[in-house]
Amino acid sequence: MFVPLFTLPVLANSSWHWLTIHPIDLLPYAIIITLAVETFAIYKFGVSKRGEGAIAITFIAVCIANLMSFIIPPLLITCGSYFTGSIRVGRSFSEMWNYMAKSGPTFIIGIGYLLTTLIIEMPIVFLILKRFTNYKGQLITVIILTNVITTAMVAITERIACKGAW
Numbered sequence: 006m007f008v009p010l011f012t013l014p015v016l017a018n019s020s021w022h023w024l025t026i027h028p029i030d031l032l033p034y035a036i037i038i039t040l041a042v043e044t045f046a047i048y049k050f051g052v053s054k055r056g057e058g059a060i061a062i063t064f065i066a067v068c069i070a071n072l073m074s075f076i077i078p079p080l081l082i083t084c085g086s087y088f089t090g091s092i093r094v095g096r097s098f099s100e101m102w103n104y105m106a107k108s109g110p111t112f113i114i115g116i117g118y119l120l121t122t123l124i125i126e127m128p129i130v131f132l133i134l135k136r137f138t139n140y141k142g143q144l145i146t147v148i149i150l151t152n153v154i155t156t157a158m159v160a161i162t163e164r165i166a167c168k169g170a171w
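Numbered as in our numbering, the sequence shown ends at 171 without a single skipped number.
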């Protein structure tokens with residue numbers, strides 16, 4: 006009896022649409038810029054022993070670390086050990102990556118991504134490059150700062166370039 010008297014109209018449009026480009030479309034550019042900036046900064050300010058192929062090893066370390074930071078989170082979600090909320094366990098790796106990349110108004114790059122990046126990338130780059138420096142603390146600081154800077158650059162670019170609506 007009270008239901009018809011107290012009803013409110015609601016909109017049922019629950020589909021998010023990107024009005025400009027999708028954040029995943031920025032990925033190739035973000036990868037190129039991130040690898041270039043991180044390699045340059047870590048080699049210039051974190052590696053004190055030049056030669057012995059240090060620039061090539063720096064680039065390889067940065068590539069491996071960035072690759073791992075893209076692979077490990079969806080892999081953890083797929084295994085069901087990542088805190089996600091309503092994502093069902095048992096999706097394939099490609100389904101999980103697609104879900105993460107295409108879902109909702111959430112942007113790909115945020116504070117969670119930065120923390121994940123630091124947790125995954127810092128130890129990988131440090132362990133590979135520690136023999137190329139006399140200043141291990143400085144190397145750690147440079148790795149952290151370059152990851153913060155490149156993540157912030159990509160996040161800002163993503164928010165400027167990618168607009169969407171419900």
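A virtual CB, placed ideally from N, CA and C, is assigned to each residue, including glycine.
These numbers come from a predicted model, not from an experiment.
Less than 7 Å between C-beta atoms, sequence neighbours within five positions excluded: which residues of the same chain meet that for Val153?
Residue numbering aside, residue 153 sits at position 148 when the sequence shown is read from its first letter. Only residues of its own chain outside the window of five on either side were considered, and among them Leu119 have a CB closer than 7 Å to the CB of Val153, listed in chain order.
Who are the Cβ neighbours of Ser91 in its own chain at under 8 Å, not counting the five residues just before and after it?
As a first step, residue 91 is located in the sequence shown; it is residue number 86 there, counting from the start. With a pLDDT of only 48 at Ser91, under 50, the local geometry of the prediction cannot be trusted, and no value is derived from it.
Three-way DSSP call (helix, strand, coil) for Gly58 in this model:
For the purposes of this step, residue 58 is identified with residue 53 of the sequence shown, where counting begins at 1. Correct three-state label for Gly58: coil.
Continuous alpha helix (DSSP H) stretch holding Lys141: start and end:
Against the sequence shown, residue 141 aligns to sequence position 136. 141-166 is the span of the alpha helix (DSSP H), which, as asked, contains Lys141.
Measure the C-alpha to C-alpha separation of Ala59 and Phe137 and round it to an integer number of angstroms.
Along the sequence shown, read from residue 1 onward, the residue named residue 59 stands at position 54. Along the sequence shown, read from residue 1 onward, the residue named residue 137 stands at position 132. Straight-line Cα distance between these residues: approximately 7 Å.
4 or more residues per run - each alpha helix (DSSP H) lying fully within the stretch 24-68
For the stretch 24-68, whole alpha helix (DSSP H) runs of length 4 or above, ordered along the chain, are 32-50.
Do the CB positions of Phe64 and Thr39 come within less than 9 Å of each other?
Along the sequence shown, one-based indexing puts residue 64 at 59. Along the sequence shown, one-based indexing puts residue 39 at 34. Between Phe64 and Thr39, the C-beta spacing is not below 9 Å.
Just how far apart, CA to CA, sit Pro128 and Leu80?
On the sequence shown, residue 128 is found 123 positions in, with the first residue counted as 1. On the sequence shown, residue 80 is found 75 positions in, with the first residue counted as 1. Distance between the alpha carbons of Pro128 and Leu80: 19 Å.
Since I believe Ile148 is in contact with Gly51 (beta carbons under 8 Å), could you give me their beta-carbon distance rounded to a whole number of angstroms?
Numbered from its first residue, the sequence shown carries residue 51 at position 46. Numbered from its first residue, the sequence shown carries residue 148 at position 143. Indeed, because the Cβ distance is near 7 Å, the residues count as touching under 8 Å.
Based on DSSP bridge pairs, tell me the residues matched to Gly169.
For the purposes of this step, residue 169 is identified with residue 164 of the sequence shown, where counting begins at 1. Trp23, per the DSSP bridge assignment.
Thr138 in three-state terms, based on DSSP
Within the sequence shown, numbered from 1, the residue matching residue 138 stands at position 133. Of the three classes helix, strand and coil, the one that applies to Thr138 here is coil, per DSSP.
Classify Asn139 as buried or exposed, calling it buried when 16 or more other Cβ atoms lie within 10 Å of its own Cβ.
Along the sequence shown, one-based indexing puts residue 139 at 134. That one is exposed.
Reduced DSSP secondary structure (H/G/I, E/B, other) of Ile114
Sequence index remark: in the sequence shown, residue 114 carries index 109 (1-based). In this structure, DSSP gives Ile114 a state outside helix and strand, which the three-state scheme calls coil.
Alpha-carbon to alpha-carbon, Phe131 and Val159:
Residue numbering aside, residue 159 sits at position 154 when the sequence shown is read from its first letter. Residue numbering aside, residue 131 sits at position 126 when the sequence shown is read from its first letter. Between Val159 and Phe131, the C-alpha separation is close to 23 Å.
Hey, out of Lys49, Thr121, Val42, Ile124, whose CA is closest to Thr155's CA?
Walking along the sequence shown from the start, residue 155 turns up at place 150. Nearest C-alpha to Thr155: Val42.
When the Cα atoms are used, what is the spatial distance from Thr122 to Ile116?
Walking along the sequence shown from the start, residue 122 turns up at place 117. Walking along the sequence shown from the start, residue 116 turns up at place 111. Computed Cα separation, rounded: 10 Å.
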